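Residue numbers (our numbering): 66 to 803.
Report on the following structure.
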Amino acid sequence: MRRERQQASSKQSSSSSKRSGTPRGGPPRWRTWLRRALRWGLGLAVVALVALGVAVGIAVQRMPSFEELKKSPAGQTIRVRAADGTVFLSLGPNYGRWLTLRETPQVMQDAMVAVEDRRFRYHPGVDPVGMARAAVFAVQNYGSGRRMQGASTITQQLARNIFLSNSYTWARKMREMVLSLALEWKFSKDEILELYLNKVYFGGGSYGIDAASNSFFGHSATEMSLSEAAVIAGLVKAPSRYSPTADAQAALGRAGVVLDVMADAGVITQAQADAAEPANVQLAKETGQNSARYFTDWALPQLDMLIDEGSEALDVYTTIDLGMQRAATAAIQADTPKGVQGALVSLDRDGAVRAMVGGRDYVASNYNRATQALRQPGSAWKLFVYMAALEAGYKVNDPVVDEPVTINGWSPRNSSGRFAGTMDLRSAFAYSVNTVAAKLGDEIGFSAVANMARRFGITTPINTHPSMVLGSAEVRVIDMTAAFAAVARGGVSVQPYGITKVTTAGGELLYQRPAERGQTLVDHWVAAGITDLLQTAVNTGTGRAAQIGRPVAGKTGTTSSNKDGWFLGFSSGITTGVWMGRDDAKPVGGLQGGRAPARAFADYMRVAVARRPVEQFDTEVVLPEWQLEDEDEAYMGEPGEEGFVDENGMPIELPYDSRPPETTGPMPPPADEGPVLDQQWIEEQTGRRPPAPAEDGAAPRNGARQNGGQPKIVTVPKLVPPPTARPSQQRPPSEPLE
Numbered sequence: 066m067r068r069e070r071q072q073a074s075s076k077q078s079s080s081s082s083k084r085s086g087t088p089r090g091g092p093p094r095w096r097t098w099l100r101r102a103l104r105w106g107l108g109l110a111v112v113a114l115v116a117l118g119v120a121v122g123i124a125v126q127r128m129p130s131f132e133e134l135k136k137s138p139a140g141q142t143i144r145v146r147a148a149d150g151t152v153f154l155s156l157g158p159n160y161g162r163w164l165t166l167r168e169t170p171q172v173m174q175d176a177m178v179a180v181e182d183r184r185f186r187y188h189p190g191v192d193p194v195g196m197a198r199a200a201v202f203a204v205q206n207y208g209s210g211r212r213m214q215g216a217s218t219i220t221q222q223l224a225r226n227i228f229l230s231n232s233y234t235w236a237r238k239m240r241e242m243v244l245s246l247a248l249e250w251k252f253s254k255d256e257i258l259e260l261y262l263n264k265v266y267f268g269g270g271s272y273g274i275d276a277a278s279n280s281f282f283g284h285s286a287t288e289m290s291l292s293e294a295a296v297i298a299g300l301v302k303a304p305s306r307y308s309p310t311a312d313a314q315a316a317l318g319r320a321g322v323v324l325d326v327m328a329d330a331g332v333i334t335q336a337q338a339d340a341a342e343p344a345n346v347q348l349a350k351e352t353g354q355n356s357a358r359y360f361t362d363w364a365l366p367q368l369d370m371l372i373d374e375g376s377e378a379l380d381v382y383t384t385i386d387l388g389m390q391r392a393a394t395a396a397i398q399a400d401t402p403k404g405v406q407g408a409l410v411s412l413d414r415d416g417a418v419r420a421m422v423g424g425r426d427y428v429a430s431n432y433n434r435a436t437q438a439l440r441q442p443g444s445a446w447k448l449f450v451y452m453a454a455l456e457a458g459y460k461v462n463d464p465v466v467d468e469p470v471t472i473n474g475w476s477p478r479n480s481s482g483r484f485a486g487t488m489d490l491r492s493a494f495a496y497s498v499n500t501v502a503a504k505l506g507d508e509i510g511f512s513a514v515a516n517m518a519r520r521f522g523i524t525t526p527i528n529t530h531p532s533m534v535l536g537s538a539e540v541r542v543i544d545m546t547a548a549f550a551a552v553a554r555g556g557v558s559v560q561p562y563g564i565t566k567v568t569t570a571g572g573e574l575l576y577q578r579p580a581e582r583g584q585t586l587v588d589h590w591v592a593a594g595i596t597d598l599l600q601t602a603v604n605t606g607t608g609r610a611a612q613i614g615r616p617v618a619g620k621t622g623t624t625s626s627n628k629d630g631w632f633l634g635f636s637s638g639i640t641t642g643v644w645m646g647r648d649d650a651k652p653v654g655g656l657q658g659g660r661a662p663a664r665a666f667a668d669y670m671r672v673a674v675a676r677r678p679v680e681q682f683d684t685e686v687v688l689p690e691w692q693l694e695d696e697d698e699a700y701m702g703e704p705g706e707e708g709f710v711d712e713n714g715m716p717i718e719l720p721y722d723s724r725p726p727e728t729t730g731p732m733p734p735p736a737d738e739g740p741v742l743d744q745q746w747i748e749e750q751t752g753r754r755p756p757a758p759a760e761d762g763a764a765p766r767n768g769a770r771q772n773g774g775q776p777k778i779v780t781v782p783k784l785v786p787p788p789t790a791r792p793s794q795q796r797p798p799s800e801p802l803e
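Listed below in structure tokens is the structure:
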């Protein structure tokens, strides 16, 4: 019986062992699996540590030296300098002076360590506590789309800034860890902190504490106070969000957090934190770089044509005058009507751009209305009409008649709605009489006016409809300003430019603008005559609001329905063009060239020429001999040596039916008839047509002015390309009023 009970007990025990998974006479099976897992885990950990050690060792061997890491990374930096050498804009990465840790204020070191990596002095490059915290956050927010919580040490941030991108992936995090351990292996804590303080990005293109301090406070980081250090240290987390120039309140709030963290870390006392007052930090004064960006957007693309492509840091010396730029910005903002845009270009004698404003606010709209917008100039275009008339033989005191006129179905009207009758040419220009301008264009030829505009730098399309004399062609502000500057220069061309010199950061000269003499566009007497007219327009005419207490010559312009208002003029060597209007070309109530644009011109010019001597205009017209001849003999006899010149001022040899041979021998006897001027050739070259025979008793066609009831013989003008055929009866574009 005892044996049977023992056998039964043995069977029960065996059955129980099978059910429990425990081998007979051995430990439980789960313990076996646990031991196996631990062994595998330990083996994998050893392999991982070995692999990590190998990776770190390789990284240490390949890592550049401390001196090599101090060098700035690739990326071209361009410092844009004003005419006086002041840097007013930096493009690309901006690196300040390298500061050793000994040169760096202790408050800056303490602020950065306290807010970015409090255990910096104790960890090996990675912070296990921070990593654990970040891992918990990642598990809790898995799939939420939120970024992993920052656990990066100063060393890891340095590794990322120098070697890696800012992508948020586990692979990048592992590489960052390897590089951080390698940095800690190869360099001391002080060297790592020095690299970090000179490499970290603080926003606004500034890398390193010295660049940031100069950018935000206007002085080197060596002079940094506790409050300034708190502001700078607070930028690292989010440079654009906490920038003191973008959001002062956010920057101050973040600086307060930094001060509290520093007090909590024990690097400053709570009393020091309370007394810091970040709100009292003085930011660097603006140098007008907001509106000056219109200028740099226009000038800097020209570098591609001036120098070879490269990656070295550049210093670009420009023509901009920061004082004049501020005055131009203030004038446009103060005088431009609400809801209206404005533009201003100011040129020196040789075309140097001293100020450029392309709109009321560059941040709101970087569209440059000074160089890109095409707008109708209105009566400012009469500059070319009257110059062509003067060149064709008119004089500033010649009588003209303001009366109704119809040209090819087009009947211009004056802004006043009235006709003044007989007046001199000077008064017609000063009061911007449209009917007189229309008759002048019809007489001298609309193509002659277009040619004059082309000579003076207008490159946009120009129609030859009759209404073109009132400024129906679209132009750019900078081109019109250059045309007026050429008049101020005595009829010599002016090419606007903005860059005078380009050097490397080390001072190597890459480009120097050569001196340019310009090209003669019209004879001096034409330039003097038009200057006389322009001065009268400001003294007694439509441009009286542009007076500044010294001689000013200029012209107003207003388009139909008051869509555009212009004033362009010059004084003491400075030529300035002002335009105002809406981008959508809708009418602006009360906008006229003689009002807001002229006031803006005056407000700006009072500042622009304040330090320049007062200059009187050269308006003395010395006429050539062919203009002094009796009009009845204007086409008769032999012209002087300078009677005919091409558009470049070069003399043209006239064809004669007969001409004495050039010989030193005795002259042959004269023929029965003297030399006859080829009248048909002159008419072809000057763009004139012989008048159609008038019917008995009929007045001559309005191709000539009246002189005592007899048709006035128009004297021979300077030679210009022949005009095209007269336009058809097609309806012309809408006419400007003034």
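Every residue, glycine too, gets a C-beta built ideally from N, C-alpha and C.
Remember, predicted model here, so these are calculated numbers, not experimental data.
- [ ] Kindly indicate the opening and closing residues of the beta strand (DSSP E) around valine 381.
- [x] Numbered from 1 along the sequence shown, position 316 holds the residue referred to as residue 381. From DSSP, the beta strand (DSSP E) with valine 381 extends over 379-383.
Open item on the list: Using C-beta distances below 7 Å, list every residue in its chain close to alanine 340, excluding the 5 sequence neighbours before and after it, in chain order.
Closed with: Numbered from its first residue, the sequence shown carries residue 340 at position 275. Excluding sequence neighbours, alanine 340 sits near nothing in its chain.
- [ ] Compute the Euclidean distance between the alpha carbons of leucine 99 and leucine 109, then round it to the nearest angstrom.
- [x] Sequence index remark: in the sequence shown, residue 99 carries index 34 (1-based). Sequence index remark: in the sequence shown, residue 109 carries index 44 (1-based). Approximately 15 Å, taken between the alpha carbons.
Task: Coarse secondary structure for glutamine 577, derived from DSSP in three states - done: Along the sequence shown, one-based indexing puts residue 577 at 512. Looking at glutamine 577 - three-state DSSP - the assignment turns out to be strand.
Open item on the list: Can you give me the C-alpha to C-alpha distance between methionine 545 and glutamine 681, rounded to a whole angstrom?
Closed with: By one-based count along the sequence shown, residue 545 stands at place 480. By one-based count along the sequence shown, residue 681 stands at place 616. In a straight line, the C-alpha of methionine 545 is about 23 Å away from that of glutamine 681.
Task: Contact between the stretch 381-391 and the stretch 654-668 (3+ Cβ pairs under 8 Å) - done: no
TODO: Less than 8 Å between the CB atoms is what I'm expecting for threonine 684 and threonine 596, so what's the real figure, rounded?
DONE: Translated into the one-based positions of the sequence shown, residue 684 becomes position 619. Translated into the one-based positions of the sequence shown, residue 596 becomes position 531. So it is a contact: roughly 5 Å between Cβ atoms.
Open item on the list: Whether or not the stretch 245-257 and the stretch 222-230 are in contact is what I'm after, with contact meaning three or more pairs of Cβ atoms, one per stretch, closer than 8 Å; do they touch?
Closed with: yes
Task: tryptophan 644, enclosing beta strand (DSSP E) - first and last residue - done: The residue given as residue 644 occupies position 579 in the sequence shown. Start and end: 639-646.
- [ ] Spell out the partners DSSP gives alanine 417 in its beta bridges.
- [x] As a first step, residue 417 must be located in the sequence shown, where it is residue number 352. Paired residue(s): Tyr562.
Open item on the list: Let's test the definition: count the other Cβ atoms within 10 Å of the Cβ of proline 579 and tell me whether it reaches 16, buried, or not, exposed.
Closed with: Within the sequence shown, residue 579 is the residue found at index 514, counting from 1. By the neighbour-count definition (other C-beta atoms within 10 Å, threshold 16), proline 579 is an exposed residue.
- [ ] Note down the Cα distance separating threonine 569 from leucine 575, rounded to an integer number of angstroms.
- [x] Along the sequence shown, one-based indexing puts residue 569 at 504. Along the sequence shown, one-based indexing puts residue 575 at 510. Rounded to the nearest angstrom, the two C-alpha atoms are 7 Å apart.
Open item on the list: Just to confirm the assignment, what range does the beta strand (DSSP E) spanning alanine 286 have?
Closed with: Within the sequence shown, residue 286 is the residue found at index 221, counting from 1. Unbroken run through alanine 286: none, as it is neither H nor E.
Open item on the list: If contact is defined by three or more beta carbon pairs under 8 Å, each pair taking one atom from either stretch, is the stretch 394-413 in contact with the stretch 519-533?
Closed with: no
- [ ] Run through the stretch 438-465 for me and flag every whole alpha helix (DSSP H) of 4 or more residues, listed as ranges in chain order.
- [x] 447-456
Task: Residues near alanine 298 by beta carbon distance below 7 Å, same chain, minus five either side - done: Stepping through the sequence shown from its first residue, residue 298 is reached at position 233. Excluding residues within five positions, the ones whose Cβ falls inside 7 Å are Ala176, Met177, Val180, Val323.
Task: Contact the stretch 551-560 vs the stretch 620-627: 3+ CB pairs below 8 Å - done: no
- [ ] Could you tell me which of Trp446, Gln367, Asp413, Glu241 sits nearest to threonine 641, measuring between CA atoms?
- [x] On the sequence shown, residue 641 is found 576 positions in, with the first residue counted as 1. Nearest C-alpha to threonine 641: Asp413.
Open item on the list: Could you tell me the alpha carbon to alpha carbon distance between aspartate 400 and glycine 646, rounded to whole angstroms?
Closed with: Here residue 400 refers to the residue found at position 335 of the sequence shown. Here residue 646 refers to the residue found at position 581 of the sequence shown. Between aspartate 400 and glycine 646, the C-alpha separation is close to 12 Å.
TODO: Work out the CA separation of glutamate 456 and valine 587 for me, nearest whole Å.
DONE: By one-based count along the sequence shown, residue 587 stands at place 522. By one-based count along the sequence shown, residue 456 stands at place 391. Approximately 8 Å between the Cα atoms of the pair.
Open item on the list: Strictly by DSSP, which residues pair up with glutamine 55?
Closed with: Only positions 66 to 803 of the chain appear in the structure, and residue 55 is not among them; the question remains open.
TODO: Compute the Euclidean distance between the alpha carbons of leucine 633 and phenylalanine 549, then round it to the nearest angstrom.
DONE: Against the sequence shown, residue 633 aligns to sequence position 568. Against the sequence shown, residue 549 aligns to sequence position 484. So the two alpha carbons sit approximately 7 Å from each other.
Open item on the list: Alpha carbons only, please: which of Lys566, Thr500, Ala336, Val498 is nearest the one belonging to glutamine 367?
Closed with: For the purposes of this step, residue 367 is taken as residue 302 along the sequence shown, with counting starting at 1. Selected option, being the one with the closest Cα: Lys566.
TODO: Please name the residue, chosen from Trp95, Trp235, Ala197, Asp275, that lies closest to methionine 173 on a Cα-to-Cα basis.
DONE: For the purposes of this step, residue 173 is identified with residue 108 of the sequence shown, where counting begins at 1. The candidate whose alpha carbon is nearest that of methionine 173 is Asp275.
Open item on the list: Among the candidates Gly157, Leu156, Tyr359, Val679, whose CA atom is the shortest distance from the CA of asparagine 433?
Closed with: Taking the first residue of the sequence shown as 1, we reach residue 433 at position 368. Per the Cα distances, Tyr359.
Task: Cβ-Cβ separation, glycine 658 to glycine 443 (assumed contact under 8 Å), whole Å - done: Here residue 443 refers to the residue found at position 378 when the sequence shown is read from its first residue. Here residue 658 refers to the residue found at position 593 when the sequence shown is read from its first residue. Between glycine 658 and glycine 443 the Cβ distance is about 7 Å, and since that is below 8 Å, they are a contact.
Open item on the list: Let me make sure I understand the geometry here. Which of Gln141, Gly388, Asp325, Glu293 has the alpha-carbon closest to that of alanine 344?
Closed with: For the purposes of this step, residue 344 is taken as residue 279 along the sequence shown, with counting starting at 1. Nearest to alanine 344 by alpha-carbon distance, out of Gln141, Gly388, Asp325, Glu293, is Glu293.
Task: CA-to-CA distance, phenylalanine 282 to glutamine 347, given in whole angstroms - done: Position 282 of the sequence shown holds residue 347. Position 217 of the sequence shown holds residue 282. Glutamine 347 and phenylalanine 282 have their alpha carbons spaced roughly 6 Å apart.
Task: Helix, strand or coil at aspartate 489 according to DSSP, with G and I counted as helix - done: As a first step, residue 489 is located in the sequence shown; it is residue number 424 there, counting from the start. If DSSP states are grouped into helix, strand and coil, aspartate 489 belongs with the strands.
- [ ] Pick out whichever of Ala316, Met289, Arg101, Gly331 has its Cα sitting closest to the Cα of lysine 302.
- [x] Sequence index remark: in the sequence shown, residue 302 carries index 237 (1-based). The candidate whose alpha carbon is nearest that of lysine 302 is Ala316.
Open item on the list: Let me check understanding here. Comparing Cα to Cα, which of Gly150, Ala286, Glu249 lies closest to leucine 166?
Closed with: Along the sequence shown, read from residue 1 onward, the residue named residue 166 stands at position 101. Of the listed residues, the one whose Cα sits closest to leucine 166 is Ala286.
Task: In chain order, each beta strand (DSSP E) run of at least 3 residues that lies wholly inside the stretch 238-309 - done: Listed in chain order, the complete beta strand (DSSP E) runs (minimum 3 residues) inside the stretch 238-309 are 266-268.
- [ ] Report the rounded CA-to-CA distance for proline 193 versus alanine 357, giving the unit in angstroms.
- [x] Here residue 193 refers to the residue found at position 128 when the sequence shown is read from its first residue. Here residue 357 refers to the residue found at position 292 when the sequence shown is read from its first residue. Using only the alpha carbons, I get a separation of about 50 Å.
Task: Where the alpha helix (DSSP H) through arginine 664 begins and ends - done: As a working mapping, residue 664 is identified with position 599 in the sequence shown. That run of the alpha helix (DSSP H) goes 661-673.
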